[in-house]
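A.B. asks: Going by UniProt numbering, the final residue of the sequence shown carries number 242, and the count climbs one at a time with no gaps.
The structure's right below; bear with me while I get my questions together.
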Amino acid sequence: MAENEFMHYFLAAGQTSISNLLLQHFHELGLTNDELLVYLQLESFHAQGNDFPDIQVVAQRLRLSEPQIYQILHRMIQKKVLAIETSQDEAGRNQDHYNFDLLFQKLAQLVAQKQVQVPQQVAKAAAADQRQAVFNMLETEFGRPLSPIELETVAAWLDQDHYQPELIQLALREAVLNQAYSLKYMDRILLSWERQHLTSKAQIQQAEKRRRDKQAPQAKPQKKGPKIPMYNWAQPDSKQEE
């Protein structure tokens, strides 16, 4: 067969396209390899204007028996990825056709679910990193590993009291500044902030600023009196010179 003749047949045969999303996730949708091949064969017939091809032809293409093709189609219907629908043509005759709308609805739901899960996984990983950073910082500042009781105390701050990791780090900073390397000292600081309803780093910093402003000495206002004219005693009086 000449190259030009082959290209003629190649172009005349048409093409069947398939979404890469479906190729990536068809197993997650519950499809087997055989079911995907059957879908591709039906789509190739659909591209040629045949929405309900002869099962015998499909079986020959896939080197399967007709009962096997019927079993595959039945499984796909049970999995709710395929529906066989009936419509009327212009002459009023009933015509069956395969409909894969359910398959793509499932694919859309799967993709949407994965898009939601990814940020959640990132957030969980970030929270785990912050949690570990608290333990690491405590051991670094204390200069020793935390004891089992101390580990339970810090875990209770995070899980039961729901203190934010940044608050625990701020409490540790206060303890270090006061040379009080003790979780009990930090616990009193955290409890004090909780009683003042200070739940974020910004709120604590604002409270500290207000406290410093109150403690700062205020300059005494200068008393205003009558202005006294300045007289230059070094300059002789002009009247006296006369």
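Glycine is no exception: its CB is placed at the ideal position from the N, C-alpha and C atoms.
What residue range does the beta strand (DSSP E) around HIS97 cover?
C.D. replies: Working through the sequence shown from its first residue, we reach residue 97 at position 97. Looking at the DSSP string, the run of the beta strand (DSSP E) that includes HIS97 is 94-99.
A.B. asks: Do the stretch 78-95 and the stretch 54-68 meet, that is, are 3 or more Cβ pairs less than 8 Å apart?
C.D. replies: These segments do not touch.
A.B. asks: Identify the continuous beta strand (DSSP E) that holds ILE84 and give its terminal residues.
C.D. replies: Taking the sequence shown and counting its residues from 1, the one referred to as residue 84 is at position 84. Counting along the chain, the beta strand (DSSP E) containing ILE84 begins and ends at 83-88.
A.B. asks: Would you tell me roughly how many angstroms separate the C-alpha atoms of PHE135 and ALA128, rounded to the nearest one?
C.D. replies: Position 135 of the sequence shown, counting from 1, holds the residue named residue 135. Position 128 of the sequence shown, counting from 1, holds the residue named residue 128. About 11 Å.
A.B. asks: Would you tell me roughly how many angstroms separate the C-alpha atoms of GLU85 and ASN4, rounded to the nearest one?
C.D. replies: Numbered from its first residue, the sequence shown carries residue 85 at position 85. Numbered from its first residue, the sequence shown carries residue 4 at position 4. Computed Cα separation, rounded: 41 Å.
A.B. asks: Give the single residue among GLU150, ILE168, LEU103 whose Cα lies nearest to the Cα of GLY30.
C.D. replies: Within the sequence shown, residue 30 is the residue found at index 30, counting from 1. That would be LEU103, whose Cα lies nearest to the Cα of GLY30.
A.B. asks: Mark ILE149 as exposed unless 16 or more other C-beta atoms lie within 10 angstroms of its C-beta, in which case mark it buried.
C.D. replies: Within the sequence shown, numbered from 1, the residue matching residue 149 stands at position 149. ILE149 comes out exposed.
A.B. asks: Where does the unbroken alpha helix (DSSP H) through SER44 begin, and where does it stop?
C.D. replies: Walking along the sequence shown from the start, residue 44 turns up at place 44. Per DSSP, SER44 belongs to the alpha helix (DSSP H) from 33-47.
A.B. asks: Can you list, in chain order, the stretches of the alpha helix (DSSP H) that have 4 or more residues and sit fully within the stretch 162-204?
C.D. replies: Taking only runs of at least 4 residues, the alpha helix (DSSP H) segments lying wholly in the stretch 162-204 are 165-177, 183-195.
A.B. asks: So, are the CB atoms of MET186 and LEU172 less than 8 Å apart?
C.D. replies: Position 186 of the sequence shown, counted from the first residue, corresponds to residue 186. Position 172 of the sequence shown, counted from the first residue, corresponds to residue 172. Yes. Within cutoff.
A.B. asks: Considering only the alpha carbon of each residue, which of TRP157, ILE168, LEU40 lies closest to LEU23?
C.D. replies: The count along the sequence shown starts at 1 and reaches residue 23 at position 23. LEU23 has its Cα closest to that of LEU40, out of TRP157, ILE168, LEU40.
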